[in-house]
Amino acid sequence: MTIKLEQELIVTSDKTIDAGGANVEICNGAGITVQFGKTVICHGLQIHHIILAKGGKIKDGENHLGLQSASNGDRVSIFGTTNIWLDYLSFHHCAYGFINVIQGSTVVTISNCHFGYHDNVMLFAASNSYNANEKIQ
């Protein structure tokens, strides 16, 4: 199964994205952003050829509709999140980075993942001036 995201997939708390042993690819579109969530699992996906994608209106909570800026080509952005597990993911060929762990995210486990054909694999704490980044684990 191939999934092409026109905009970033915004993932909130208590979610699991699991390929369940199937060949599931997220490619040729936007990536995934885990934003201000907790307890999120991503398992068994192939994520490749992620490109810059347009922003737009999104529903990022049960009672909130907002605007999401254009994506920069990152595959998985973890933003202000705790308790996240990225397992058995395959990453290659993207416009920017593979995994960004920023804005004070904590308790992040990245295991059994494959990274290929890129220079910018992981970013932890994008700014030394942001105090919440001191607690990133």
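Reading the sequence shown from the start, the letters are residues 2 to 138 in this note's numbering.
Ideal placement from N, C-alpha and C gives every residue a C-beta, glycine not left out.
Using alpha carbons as the reference points, say which of the options lies closest to residue i.
i	options	result
aspartate 19	His94, Lys39, Leu87 and Ala31	Leu87
valine 41	Ile51, Phe125 and Ile79	Ile79
cysteine 95	Gly117, Ile103, Tyr89 and Thr83	Gly117
valine 108	Lys5, Glu26 and Lys39	Lys39
alanine 23	Ser14, Ala31, His93 and Thr3	Thr3
isoleucine 52	Phe125, Val102, Asn113 and Tyr97	Tyr97
serine 14	Thr83, Met123, Val77 and His44	Thr83
glutamine 8	Asn29, Lys16 and Asn101	Asn29
serine 130	Asn121, Gly105 and His115	Gly105
For the beta strand (DSSP E) containing residue i, list its first residue and its last residue.
i	result
glutamate 63	Segment: none, glutamate 63 is in no beta strand (DSSP E) and carries neither H nor E.
leucine 10	10–12
glycine 117	115–117
glutamine 47	46–51
valine 25	25–28
valine 102	100–103
According to DSSP, residue i sits in a beta bridge with which residue or residues?
i	result
serine 112	Asp88
valine 35	Val12 and Ile79
aspartate 19	His44
histidine 94	None, per the DSSP bridge assignment.
methionine 123	Ile100
Can you give the beta carbon distance from residue i to residue j, rounded, assuming they're within the 8 Å contact cut?
i	j	result
serine 91	isoleucine 27	Not a contact, Cβ separation roughly 10 Å.
alanine 126	isoleucine 103	6 Å
isoleucine 85	valine 35	6 Å
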